[in-house]
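Here UniProt numbering is used: the first residue of the sequence shown is 1, the next is one more, and so on. Ideal placement from N, C-alpha and C gives every residue a C-beta, glycine not left out. Keep in mind that this is a model prediction, so the values were computed, not measured. So the structure is just underneath, and the comments pick up after that.
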Amino acid sequence: MLLAGLLFPVAGGFGYLSNRAADAVDNVSAELVEGTVPAVSTMVDISGKPIAWLYEQRRFEVPSDKISNDMKLAIVSIEDKRFSEHQGVDWQGTLRALVTNSSSGEVQQGGSTIDQQYVKNYQLLVVAKTDAERRAAVEATPARKIREIRMALTLDKKLTKDEILTRYLNLVPFGNSSYGIQDAAQTYFGVDAANLDVPQSAMLAGMVQSSSKLNPYTNPAGVTERRNTVLDTLIQNVPQRANEFRAAKEQPLGVLPEPKGVPRGCIAAGDRGFFCDYALQYLADSGISREQVDRGGYLIKTTLDPEVQSSTKDSVNGNANPGLQDIAEVMNVVSPGQDQHRVLAMASSRTYGLNGDAHETVQPQPYSMVGDGAGSVFKIFTTAAAMEKGLGINATLDVPVRFEAKGMGNGGAKNCPPATYCVENAAKYPSPMSVTQALATSPNTAFVKLIQSVGVTPTVDMAVRLGLRSYAVRGTSGHGDQSLADMIKEQNLGSFTLGPTPVNPLELSNVAATLASGGRWCPPTPIDSIIDREGKSVPLTQQACEQVVEPGLANTLANALSQDDVGAGTSTAAAGATGWSGPVSAKTGTTETHRSSAFLAFTNSLAGASVVYGDTPTPGEICSFPLRNCGDGNLYGGNEPARTWYTAIRSVLGNYPPLSLPPTDPKYVRGSTEAQVPEVTGMTQGAATATLAAGGFQVNPVTQPGEQNRGTVTGSAPSGSAIPGSTVTIFVSDGSLKPKPSAGARPSPSSTPASPSRAPR
């Protein structure tokens, strides 16, 4: 009763305050007994090497047998010498402290046990979430003291003394952003808690009194004095080791030249910072928030391959100077698969960091919408959509010098009629041309004509299905809630096949992975697995993989893309310059104004895309070798983007199976039955028109000079196969080039008629 009166001299008495405290105790007791504290989460690559440490409080929990006995002895000696005797509250010490403090008029003694200190620190460091809650956790009021006492008594009943002491040492702060004895041992001495000796243990035990004031780097004298006070208590409490403790008082503090603590967050991950940020975003989307990561003590095993990452970063930097202020190059590498598309590397030429003066950035360049577009890489989507509608890769496509797509937006080349998209080729191309040749050499008119036959909507939908999922997100068009995909479809933009819109480089890389996986789309994942502090696997809520196109289509398209690095292919020069050898499926792309370009490519083991773009709100035209802003750009996807990809992947090919192409599917080589274009060469225009109409095709006759008789069909495009119901152009001779017999010439009576194969043409 006397103790209660001293403890709680307030109106209403002990009973009232105790009842109020009971509610708080009930709410916290379960959590307190559980004892989960904020701990450091470690993100590692596939080799187990740390990428980043993520935390709110830098704390690494260790079990009792990983804490030196000298440390345990020192903390008990200075903070609670009757720790093993009381049941959570040292009533004798509490009464003595109250009498001393009351007589002096100020707080000179605390009187709190290790149990009570654990309760107070737990509420301050774990339970409290707001400033108000943190103030309440340490307020000097009878109500808080009652709660603390009751919880300490409960704690002592539920846990052993060793468990309480271990939890206490894992919880309390030691200054310099260090929490818990393991991190404190590393921070100040560079050793594990299990290896702390007597003077080190005494110093750390003394610092608990005031971790901010007792800083060995700013107050070495005060810390030394406090350490020696701890040693004095050890001399008194453990007299059999008195000489050892006296000798320790003569030793220097022995701390490291500066605090040693693992850096916090992705900012210290170097070139892996972009990947680190993406992994955290992916986790948040999968049900594990950043707050959970910062407090959870997880082991986050990622898919980052350090060898592929280094190769990719070196290649990016080798082709795009990191010091470029207004230009950036990014590249991602994704591993194809039926159940998972693992992100192996993510790099930018820009240095990951916060120093804007040095052109550093933390913007999510490799996995957000950037640049002016991927250019002709988007012809892949038009081709895939056409193949799904029946076009085979053995088809030949018409390649006019100029093509006017009526009803597909407006503009493009000069002198374009209203409601028409007009396009011209930048170079001369033969016509007709096979689908494989067209993909390798990239004539614009052939693909704008093809998208008119396929339709903009199916082509955009194909792009989204294969991997450009951001295009379907509401609000991406810049016009209210409308998605970019819906805007393109609504305006029927035939220019979509030429890739004039911003693109997410990671999604573009995943398009390559989808095609390399036989048409199997999976979200590009940076996470292999997550292990909690108890060693248990943590499930993630992830998007399911989808078979977005038939395997035969994807595999046949991969073959159609396999000529980009040979012959007249647009990346042949880059492949040769980098020493590339072996089959690869690839496509280059460049925007009309040379303000961005891209290269998408994949093998049977690795897929990815590199993108160069103007990294500024007002990008200008870009020139190559070296990359730079210039007045009249000459950047192409076959330049730096292709060289970056080939160099990065070539360096790691030895770790993967030999290069090979998948088998083709006859259905997609020849085209569907209803897509077969009748052979009409040699027919009259009327007969050819009737034959094609009977096959379900529309006919566009084009008269041109020819050696054949007037009205004779000399060819058609497309041929082989075409989109069912689409327009087939037939080329009709006007007879103007047909040779005429010489005047007065008569055949010799002895001569024989010329054979048909030798007849004049």
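For T312 versus A558, is the C-beta spacing smaller than 7 Å? By one-based count along the sequence shown, residue 312 stands at place 312. By one-based count along the sequence shown, residue 558 stands at place 558. Their beta carbons are not under 7 Å apart, which means T312 does not touch A558 by this criterion.
### Query
Leaving out the 5 sequence neighbours to the left and right, which residues in its chain are closer than 6 Å to T664 when beta-carbon positions are compared?
Translated into the one-based positions of the sequence shown, residue 664 becomes position 664. Within the same chain, T664 has close Cβ partners T556, N559.
Considering only the alpha carbon of each residue, which of A688, F245, E707 lies closest to V699? As a working note, residue 699 is residue 699 in the sequence shown. It is A688 whose Cα lies nearest to the Cα of V699.
task: Classify N655 as buried or exposed, calling it buried when 16 or more other Cβ atoms lie within 10 Å of its own Cβ.
output: Taking the sequence shown and counting its residues from 1, one reaches residue 655 at position 655. With fewer than 16 other Cβ atoms within 10 Å, it is exposed.
**Study point:** Span of the beta strand (DSSP E), counted from its first residue to its last, around S175
**Key:** Sequence index remark: in the sequence shown, residue 175 carries index 175 (1-based). The residue you asked about is not Ser; residue 175 is Gly in the sequence shown. Segment 173-175, the beta strand (DSSP E) holding G175.
### Query
So who's on the other strand from G608, going by DSSP bridges?
Translated into positions along the sequence shown, residue 608 becomes position 608. Looking at the DSSP assignment, G608 forms a beta bridge with V333, A601.
Within this structure, are the beta carbons of A573 and A374 separated by less than 7 Å? By one-based count along the sequence shown, residue 573 stands at place 573. By one-based count along the sequence shown, residue 374 stands at place 374. Result no, Cβ atoms of A573 and A374 do not sit closer than 7 Å.
- For G552, the nearest candidate out of V308, E388, G88 (CA to CA): Reading the sequence shown from its first residue, position 552 is the one you call residue 552. The closest CA to that of G552, considering only V308, E388, G88, is found on E388.
| task | Would you please state the rounded distance, in angstroms, between the beta carbons of C522 and D357? I believe it to be under 8 Å. | result | For the purposes of this step, residue 522 is taken as residue 522 along the sequence shown, with counting starting at 1. For the purposes of this step, residue 357 is taken as residue 357 along the sequence shown, with counting starting at 1. Rounded, the Cβ-Cβ distance is 40 Å, inconsistent with contact.
Three or more beta-carbon pairs under 8 Å between the region 434-454 and the region 562-569, yes or no? yes
What do you reckon, are the CB atoms on K301 and D70 nearer than 7 Å?
Locating residue 301 in the sequence shown gives position 301, where the first residue counts as 1. Locating residue 70 in the sequence shown gives position 70, where the first residue counts as 1. No, they are not a contact pair.
_Does Y352 come out as helix, strand or coil in the three-state DSSP assignment?_
Stepping through the sequence shown from its first residue, residue 352 is reached at position 352. Note: Y352 maps to strand in three-state DSSP.
Check your understanding: If we ignore side chains and look at the alpha-carbon of each, how far apart do E702 and P458 end up?
Key -> Within the sequence shown, numbered from 1, the residue matching residue 702 stands at position 702. Within the sequence shown, numbered from 1, the residue matching residue 458 stands at position 458. For the record, residue 702 in the displayed sequence is Val; it is not Glu. Here the alpha carbon of V702 sits roughly 28 Å from the alpha carbon of P458.
Open item on the list: Per DSSP, what are the beta-bridge partners of G254 in this structure?
Closed with: The count along the sequence shown starts at 1 and reaches residue 254 at position 254. DSSP, once it has assigned bridges, lists no residue as partnering G254.
| message | Spatial neighbours of T441 within its chain, please: C-beta separation below 8 Å, excluding the five flanking residues on both sides. | response | Here residue 441 is taken as the residue at index 441 of the sequence shown, counted from 1. Sequence-distant partners of T441 (beyond 5 residues in either direction) whose C-beta falls short of 8 Å from its own C-beta, in its chain, are Y429, M433, A568, G569, T570.
Spatial neighbours of E139 within its chain, please: C-beta separation below 6 Å, excluding the five flanking residues on both sides.
For this step, residue 139 is matched to residue 139 along the sequence shown. Nothing listed; no residue qualifies.
- Going by CA-CA distance only, name the one from E225, A601, V238, L54 that's closest to K81. Residue numbering aside, residue 81 sits at position 81 when the sequence shown is read from its first letter. Measuring from the Cα of K81, the nearest candidate turns out to be V238.
When burial is assigned at 16 or more other CB atoms within 10 Å of the CB, is Q108 buried or exposed? As a first step, residue 108 must be located in the sequence shown, where it is residue number 108. For Q108, the predicted model reports a pLDDT of 42, less than 50, meaning its position is unreliable and no value from the coordinates is stated.
| request: Might you give, ordered along the chain, the residues of its own chain that have their beta carbon closer than 6 Å to the beta carbon of G715, omitting 5 neighbours on each side? | output: By 1-based counting over the sequence shown, the position of residue 715 is 715. These residues qualify, in order along the chain: T681, F731.
Quick one: measure Cβ to Cβ for M203 and V172, integer angstroms, because I've assumed they're closer than 8 Å.
What you label residue 203 is simply residue 203 of the sequence shown in a count that begins at 1. What you label residue 172 is simply residue 172 of the sequence shown in a count that begins at 1. So it is not a contact: roughly 14 Å between Cβ atoms.
| field | Coarse secondary structure for V107, derived from DSSP in three states | value | As a position in the sequence shown, residue 107 is number 107, starting the count at 1. Reliability fails at V107, whose pLDDT of 41 lies under 50, so the model's placement of it is uncertain and the value that follows must be treated cautiously. Looking at V107 - three-state DSSP - the assignment turns out to be coil, as it is neither helix nor strand.
> At which residue ranges does the region 528-601 contain complete alpha helix (DSSP H) runs of 4 or more residues, listed in the order of the chain?
Replying inline: 551-560, 572-578
Q | Selection from L391, L493, G519, T591 that minimises the alpha carbon distance to D372 | A | Within the sequence shown, the letter at position 372 stands for residue 372. Comparing Cα-Cα distances from D372 to each of L391, L493, G519, T591, the minimum goes to T591.
Restricting to Cα atoms, I'd like to know which of Q491, N504, A384 is closest to residue 762. Given a span of 1 to 761 for the chain in the structure shown, any question on residue 762 remains unanswerable.
Given a cut-off of 7 Å, decide if I723 and L391 are closer than it, judged by their beta-carbon atoms.
-> By one-based count along the sequence shown, residue 391 stands at place 391. By one-based count along the sequence shown, residue 723 stands at place 723. Yes, Cβ-Cβ distance for L391 and I723 is below 7 Å.
Report task. Give me the Cα-Cα distance between P500 and Y122, rounded to the nearest whole angstrom. Result -> By one-based count along the sequence shown, residue 500 stands at place 500. By one-based count along the sequence shown, residue 122 stands at place 122. Distance between the alpha carbons of P500 and Y122: 56 Å.
Exercise for review: Take the Cβ of S315 as the centre, count every other Cβ of all protein chains shown within 10 Å, and call the residue buried at 16 or more, exposed below.
Suggested key: Looking up residue 315 in the sequence shown gives position 315. Result: buried.
If we call anything under 7 Å between Cβ atoms a contact, is N170 one with E61? Position 170 of the sequence shown, counted from the first residue, corresponds to residue 170. Position 61 of the sequence shown, counted from the first residue, corresponds to residue 61. Yes, Cβ-Cβ distance for N170 and E61 is below 7 Å.
Check your understanding: So F697 is in the alpha helix (DSSP H); what residue range does that whole segment cover?
Key -> Taking the sequence shown and counting its residues from 1, the one referred to as residue 697 is at position 697. Note, F697: premise wrong, no alpha helix (DSSP H); not H, not E.
Decide if E291 is buried, meaning its Cβ has at least 16 other Cβ atoms within 10 Å, or exposed.
-> The sequence position of residue 291 within the sequence shown is 291, counting from 1. Its Cβ having fewer than 16 others within 10 Å, E291 is exposed.
L280, enclosing alpha helix (DSSP H) - first and last residue: Translated into the one-based positions of the sequence shown, residue 280 becomes position 280. Residues 273-285.
message: For S624 and D461, I'd like the C-alpha separation in whole angstroms.
response: If you number the sequence shown from 1, residue 624 lands on position 624. If you number the sequence shown from 1, residue 461 lands on position 461. Taking the straight line from one Cα to the other gives about 33 Å.
Under three-state DSSP, which class holds A24?
Taking the sequence shown and counting its residues from 1, one reaches residue 24 at position 24. Confidence in A24 is poor, its pLDDT being 49 and thus under 50, which makes the residue's placement unreliable; the coordinate value appears in the next sentence. Here DSSP, grouped into helix, strand and coil, assigns A24 to helix.
| Uninterrupted beta strand (DSSP E) stretches inside the region 629-668 (no shorter than 3 residues) | Here no run is fully enclosed.
Task: Host beta strand (DSSP E) of V713 (start-end) - done: As a position in the sequence shown, residue 713 is number 713, starting the count at 1. 713-717 is the extent of the beta strand (DSSP E) around V713.
DSSP has H341 in a bridge; who is on the other side? In the sequence shown, residue 341 corresponds to position 341, counting from 1. Paired residues: P524.
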